[in-house]
Each structure stands twice: as C-alpha cells, then as structure tokens.
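Residue numbers (the working numbering): 3 to 315.
Worksheet: one structure, shown below.
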Ligand code: HEM
Ligand code: HEM
C-alpha cells in the first residue's frame, strides 16, 4: 500500500481518546508551569522516588503539592500515551500514524527523564528549558493526532482538491516559519524564565514573531480563507497572539518590575506567568495545525498541472 492510498476508518472512541490526552497534557503544562512559577522545582528533592517512596503520596503541603502533583499528572499522561501508542498500532491503517504513535511514547519517556534530570541536577537552566520545549512539542503533537483522527480529516482524504501555492516564500513555507518563530520565543522565554538568558532576545523575538504570525494569518485569511481549516487556524493564531502579547507584558510587570523584591511568589505573578506559558502552548499547537493544513491543502502550481495531466492520461 502506498502512503497516499492508506486510508483509515473513522473511529469515534479513538478520536475521543486523542482529545482526552490532549486536554490532560494541557492541564499538565499548567501544572508544570505552576511548579516553576511557585519556585517549587526542588520541593521534592529526589527522583524517581518522592521522599524515598515510589508510590506513597507525601503530605501535599507548600511547594510539594505542586511538585508531586505535577509528577502524578505526568505519570497519568505517560500511562495514556502507552495506551495511545498500542491502540494506534492495532487500529490505524496509516503507517505514518502508527510511527507517530511510537514517537509519542518515546517523547513522553524523554520528557519524564528530563523532568527527573531537572531534580537530580538541581535545575540547570538548559535542562529546565529543554523540559519546557519538549512539553509543548508533545502537547502540539497530541493536538495534531486529534486532527488526524478526526472525521473531517479521514473522510476528506479521497476527495481533497489541492489549490496552487507558488513562489519561493509560498504559504506552506510561511506557515512553517510561524512554527519556527514560536519555538524561538519558547526557547528565549524559557531561557529567561529559568535564569539562563537575558530578557532582550525574548523581547526582540516577540517583535519578529508578531510580524511573521500576523503576515501568515492575514495571508491565510485573504488568500486561502475559503479553505475552512486554514481560515480557522489563522483566526485562532491572531486571537491567541493578541492575548499572548498582553500576557507577556503582564508577566514582565508582575515578575520583573513589581515582583523583583518579593520574598515569595505573588499570586498575580504566578497567574500571569502560568497563563503566558499556557497560551504559548496553544499558539504553538495552532501554528503546527496551520502548517499541516497548508501542506495538505496546497501544492506547487507546477506539481498540480502534472497531477492533472496524469489524471487525463
Ligand atoms: C509528560 C510529562 C511531562 C510534561 C508534559 C511536563 C511539563 C512541564 C512543564 C510545561 C513545566 C513548566 C516549564 C516552565 O514553566 O518553564 C514543567 C516543570 C517541571 N517539571 Fe515537568 N513535565 C512532565 C514530566 C515531569 C516529570 C516526570 C518530572 C519528575 C520529577 C517533572 C519535573 C518537573 C520539575 C521539577 C519542573 C520545574 C522545573 C523548574 O522550575 O526549573 N516533570 N514540566
Ligand atoms: C509572540 C509572542 C510571544 C510568545 C510566543 C511568548 C512565549 C513565551 C513562552 C512560551 C514563555 C515561557 C516558556 C516556558 O518556560 O515554558 C515566555 C516567557 C516569558 N515571556 Fe513571552 N512570549 C511572547 C511575547 C512576550 C512579550 C511581548 C513579553 C513582554 C513584553 C513577554 C514576556 C515574557 C516574560 C517576562 C517571560 C518569563 C516569565 C517568567 O519569568 O516566569 N513575552 N514567553
């Protein structure tokens, strides 16, 4: 079977499961961000045990409730990922989807190990930053799996007509660029949050990322607005970007300007920084969706002409 003829059957239970995993992962990202914002990264000093035990739940007080709570949710997400990987092997006819299932399992193992290393190595900024980046990559992929398992994706596979998209900076490349721009922001933002980088790169990066995201989403709306998933992702990116910029300013004010002499994390700082991490994750996931939909629905004009000739012949 060549990859273009591999079609999957829509499976509502599997689709619902991918959605549950995506929602749990989003909650896990919020739980992880709460650990960092509450300065609770070393509240549980050992790993893989918690205060010497693999299964006993420690008293959930102070920073421990964030740190151990985060580990417990992470273990649950790990369990769901094992089920997802095995289920995908058994039920999905698309070999690339089955590979993606295994890849998710590998990624969650890497992520758990990085989480353990943050504790073992006492929070070096580069490990915490890698942990933050893999977290959002894993979340974005759970969202993509939900899209790939959806009825709309599966049932349009055979009927899809691609539209021409040419030029050196075509829409497909532009959509990929949005993913890179948000990754750049994630790296600079996490590097700053974990004390390894200055704030300036994140600030300059915000201007560059804003330009790229506005450019891509307006192009998506104005040129390809008739393609529903491209229109939807473009609108979502614009909305999330506005929220993210406002939250960024709020995070800066509460963390750096008003919060620098705080003895312990203030609720306003925790709320704004956690929200900035969470909306950043949603933004990354939507940029991934835009790129995937651009590659699915568009093709170089020359390639399309050749396709049509092949059909006529
Ligand atoms: C699927 C698994 C996991 C996901 C998606 C995840 C996600 C996250 C996220 C998003 C953050 C916040 C990063 C930031 O604010 O910059 C975080 C922080 C953290 N996570 Fe995880 N995590 C996972 C597993 C684990 C595990 C198994 C541990 C084991 C101890 C762990 C320990 C930590 C610690 C200590 C922090 C705070 C790091 C710091 O303040 O520097 N994580 N996690
Ligand atoms: C496209 C726009 C932006 C994106 C995608 C973005 C993304 C992010 C992400 C993902 C993080 C945290 C990474 C992590 O540890 O998990 C972060 C941190 C941060 N960002 Fe942004 N950001 C943007 C714009 C801004 C702007 C405009 C400002 C302020 C003027 C800002 C201020 C901050 C601050 C202060 C932090 C660190 C928070 C802390 O110390 O807890 N961001 N950003």
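Here a beta-carbon is modelled for each residue, glycine too, at the ideal position from N, C-alpha and C.
Beta-carbon within less than 7 Å of residue i's beta-carbon, same chain only, minus the 5 sequence neighbours each way: which residues are those?
i	result
residue 197	127
residue 288	235, 238, 239 and 242
residue 164	299, 300, 301 and 306
Would you mind stating whether residue i and residue j have Cβ atoms separated by less than 9 Å?
i	j	result
residue 80	residue 59	no
residue 109	residue 149	no
residue 10	residue 156	yes
residue 180	residue 215	yes
Give me the residue from the options with the minimum Cα distance to residue i.
i	options	result
residue 185	76, 12, 284 and 46	284
residue 244	211, 255, 155 and 118	211
residue 270	40, 14, 34 and 27	40
residue 192	255, 278, 256 and 151	278
residue 22	131, 138 and 83	83
residue 297	229, 254 and 132	229
residue 19	176, 146 and 105	146
residue 141	274, 100 and 290	290
residue 54	183, 272, 70 and 173	70
residue 218	91, 182 and 265	182
residue 304	120, 178 and 166	166
residue 74	17, 46 and 187	46
Per DSSP, what kind of secondary structure is residue i in: helix, strand or coil?
i	result
residue 11	coil
residue 266	coil
residue 137	helix
residue 315	Only weak support exists for where residue 315 lies, its pLDDT of 37 falling under 50; the value from the coordinates is given anyway. Here residue 315 sits in coil by DSSP.
residue 301	strand
Under 9 Å, Cβ to Cβ, is there at least one residue of chain C near residue i?
i	result
residue 238	In summary, chain C is missing from the structure at hand, where a single protein chain is found.
Measuring only from the beta carbon, is residue i closer than 8 Å to any heavy atom that is part of ligand 4?
i	result
residue 194	With respect to ligand 4, the structure shown offers nothing to examine, as its ligands consist of ligand 1 and ligand 2.
Excluding the five sequence neighbours on either side, which residues of its own chain have a C-beta within less than 8 Å of the C-beta of residue i, listed in chain order?
i	result
residue 209	none
residue 312	With a pLDDT of only 46 at residue 312, under the threshold of 50, the placement of this residue in the model should not be trusted; the figure read from the coordinates follows. Result list for residue 312: empty, nothing under 8 Å.
residue 200	194
residue 50	56 and 118
Take residue i and list the residues in its own chain whose beta-carbon comes closer than 6 Å to its own, dropping the five residues that flank it on each side.
i	result
residue 203	190
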